[in-house]
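Chains as they are written, first to last, in the working numbering: chain B, 489 to 786; chain L, 1375 to 1692. Built from N, CA and C at the ideal position, the CB exists for glycine as well.
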Amino acid sequence: MRRWAHRTHLAGFLACIAAACGTGNRALPSGGITVTDDAGRAVTLARPARRIVSLLPSFTELLFAMGAGDRLVGRTAWCDYPPAALAVPNVGDGMPPNIEAVAARRPDLVVLYRSAQNAPAASQLERLDIHVVVLDLNQLTDLGRVARILGRLTGRERSADSLGQAMDSVASQPPAPSTYSLAFIVWDNPPIVIGAGSYLDRLAALAGARNVFHDIGSPSAQVSIETIAARDPDFVAVLSDSATQPSFAARPEWRVVRAVRRGHFLLLPGQLFGRPSPRVAQAIRELRNRLNGEGGAP
Amino acid sequence: MKYVALLSVALATVAAGLLLGPASVPAGEFLRSPIVWQLRLPRVVLAYLVGGALGVAGVGLQALVRNPLADPFLLGLSGGAGLGAVVAIALHLPGPWALPLAAFAGAVGAMVLVYRLGLIGGTGGAGGELDPRILLLGGVAVGAFAAAITTALVSLAEATELRNAFLWLWGGFSAASWTTVLVMLVYAPLPLAVIAAAARPLDLLALGEEPAQYLGADVRRLKQLVYLAASLLTAAAVAISGVIGFVGLIVPHVCRLVWGRLHRTLIPTSFLTGGILLAAADTLARTAVAPRELPVGIVTALIGVPLFAFLLRRWTVS
């Protein structure tokens, strides 16, 4: 067992060298698959993964979209799309992952989101001889690359490539001329808004709406209501699965914001808008329709 | 003279809070702007009231437990308020005021528990006597217990929203409106008056419980009243603006250094100074990194701690 582990490490090391020589991200002549993940690690599989645990809803959606959904043996509590994903065993909320619950599914590949919180999980799983691929998925532009990497690891390069191409073509679209402005409000007390370094900022731009907090570089930031009122967005967008206005709409201090006073809320369902997903084109279309549908007034 | 200076600094702080903000308000529209009337003014006034309340609560508690480390949040109230807030979010309690009300309920619950722990020699009412040391220990224990339940709820609940409850706990005046100002104006005068009325007995208490008793102070009743008043002020403060540390700890010390130890002056000056510190800190929080905003509790610590260290140096050198 130990020697075997040792040998796979050696293989990983060789694969590393191979990657450095420029042959990375290709199937090795021996039939193995090697990719370099977003943590800079070489991930080598002897054959396409058959038992996958996906630890991010976006990864789950991508795997289903490329036709590898039947290989999933574990998912997070948040993975609720497509409906077939709900039939996959739930291994917890995934942040950070419950190592034992993941290992109990006996996966041959774990797809992990790259974050400081998840870093220890990657090395712990590797110590159990479970292959781990660590990927970034924060922006629209990440979708195509991640789809291709997952395609290679599952041996579904063809459909992953066409999926990746579709994602890249959405990502490289020029932003639609912005007719409306909006602010994404993630939390009301303290007010947290979405900034430029986010998926939603880009999504809004493609749907024809200017994020009034585009000047904030980070994905999200705390601001004051005064700043929101001064930037005066046409719409306040809220991730919400309910059809009623958020409760802060009734608070007097929020009513200084024109869009709140006039009830110009865009209530966006979290499943479609809350994460980068292969349904991005649908999300853009839906946001555009809502802007135009409710946008007669501003 | 010192009072004139204090009053003018107070006025200047409020004026600065009105004039400065992340939005630029044209001078011509200043008196009509809803940003000034509906956002800045209530926010400055509320920050001032909460700062003053925390300052007075700090004076009362430090005199009561005769411990310079006493801070209104040391007595378990922040833990209770945090638990209340997290429960409100986890249960999706409806309504725009659910979160502050639940936080208030949590803080008062923690207060009652600590009070019962601190009562010795009888089960409340006439027989009980508050032991300051047990109050402090009980406060720390209740706070830690509430914090543990809070963290358990956050890690078990299926809502990323709960993370934001912690953001709220770090403190801030985003929820300021004339309604919250009114709530504070109706609520705060009674506990403030109770502490102010206890100024002379609190002076006696500084000599020790027994001497104070001999000099005619009803020590048992005094401790209960001051504890309840200071805790109720802190509970309101945490429900309105989260946990804002250091104001209740530092302000009484600063005022003692400048105005001496008599509570007759210590209580009003602590109110004014606490208000200045918190209103100024909130103005900085809104403007320093605009368009972003800092949690005000971080600013009070950033201003307060170096100031405190400087005072400590002077104190120990002389």
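A Cβ-Cβ separation of about 5 angstroms places L:L1658 in contact with L:V1673 under the 8 angstroms criterion. Assigned with DSSP and collapsed to three states, B:A664 falls in coil, not helix or strand. Interface criterion not met: the Cβ of B:S669 is under 7 angstroms from no Cβ in chain L.
For B:L756, the enclosing beta strand (DSSP E) stretches over residues 753 to 756.
Counting along the chain, the unbroken alpha helix (DSSP H) around L:F1519 starts and ends at 1506 to 1530. In its chain, beyond the 5 residues on either side, A1654, T1657 have a beta carbon closer than 8 angstroms to the beta carbon of L:A1390. B:H619 places its beta carbon 7 angstroms or farther from that of B:L638.
Residue-level contact check: B:A709 touches chain L, since one or more beta carbons of chain L fall below 7 angstroms from its beta carbon. Under the DSSP assignment, B:Y601 falls in the beta strand (DSSP E) whose first and last residues are 597 to 601. The beta-carbon of L:I1409 is placed less than 7 angstroms from the nearest beta-carbon of chain B. In the structure shown, B:S669 falls within a strand segment according to DSSP collapsed to helix, strand and coil.
The beta carbon of B:V744 sits closer than 6 angstroms to those of A717, all from its chain and outside the five residues before and after it, given in chain order. Among the bridge pairs identified by DSSP, L:R1666 is matched with B:V711.
Listed by position along chain B, the residues whose Cβ is nearer than 7 angstroms to that of L:L1457 form an empty set, because the closest Cβ is around 17 angstroms away. Using a CB distance cut-off of 7 angstroms, B:A717 counts as an interface residue toward chain L. In this chain, the beta strand (DSSP E) harbouring B:S542 covers 540 to 542.
In the displayed model, B:R644 falls within coil according to three-state DSSP, outside both helix and strand. The C-beta of L:I1494 has fewer than 16 other C-beta atoms within 10 Å across all chains shown, which makes the residue exposed. Rounded to the nearest angstrom, the Cβ distance from B:A609 to B:L600 is 6 angstroms, consistent with a contact under 8 angstroms.
One alpha carbon belongs to B:N586, the other to B:S542, and they sit about 12 angstroms apart. Proximity of L:T1608 to chain B, defined by a Cβ-Cβ separation below 7 angstroms, is not satisfied. Think of a sphere of 8 angstroms around the beta carbon of B:N677: the chain L residues whose beta carbon falls inside it are L1473, W1542, G1546, S1548, A1549, in chain order.
Residue burial annotation: L:K1597 is buried, with at least 16 other C-beta atoms found within 10 angstroms of its C-beta. From the beta-carbon of B:F547, no residue of chain L is found nearer than 7 angstroms; the closest lies around 17 angstroms away.
Close partners of L:G1469 in chain B (Cβ separation under 9 angstroms): S735, A738.
Exclusion of the five residues before and after B:D729 leaves P757, G758 as the residues of its chain whose Cβ lies within less than 7 angstroms of its Cβ. By the criterion of at least three beta-carbon pairs nearer than 8 angstroms, the stretch 762 to 773 of chain B is in contact with the stretch 621 to 635 of chain B.
Unbroken beta strand (DSSP E) stretches of 3 residues or longer found wholly inside the stretch 563 to 633 of chain B: 597 to 601, 620 to 623, given in chain order. The Cβ atoms of L:P1400 and L:L1428 do not sit closer than 7 angstroms to each other. If you draw a straight line from the Cα of L:A1613 to the Cα of L:P1563, it comes to about 17 angstroms. Pairing B:I772 with B:A648 gives a Cβ-Cβ distance that is not under 7 angstroms. Inclusion of B:L651 and B:A635 in the CB contact set at 7 angstroms is warranted, their separation being smaller than that value.
Residues of chain B with a Cβ closer than 9 angstroms to the Cβ of L:T1553 are, in chain order, R739, P740, E741.
Within the model, the alpha-carbon separation for L:T1524 versus L:V1460 is close to 7 angstroms. The beta carbons of L:G1425 and L:L1685 sit no closer together than 7 angstroms.
An exposed status is given to L:H1466, since fewer than 16 other beta-carbon atoms sit within 10 Å of its beta-carbon.
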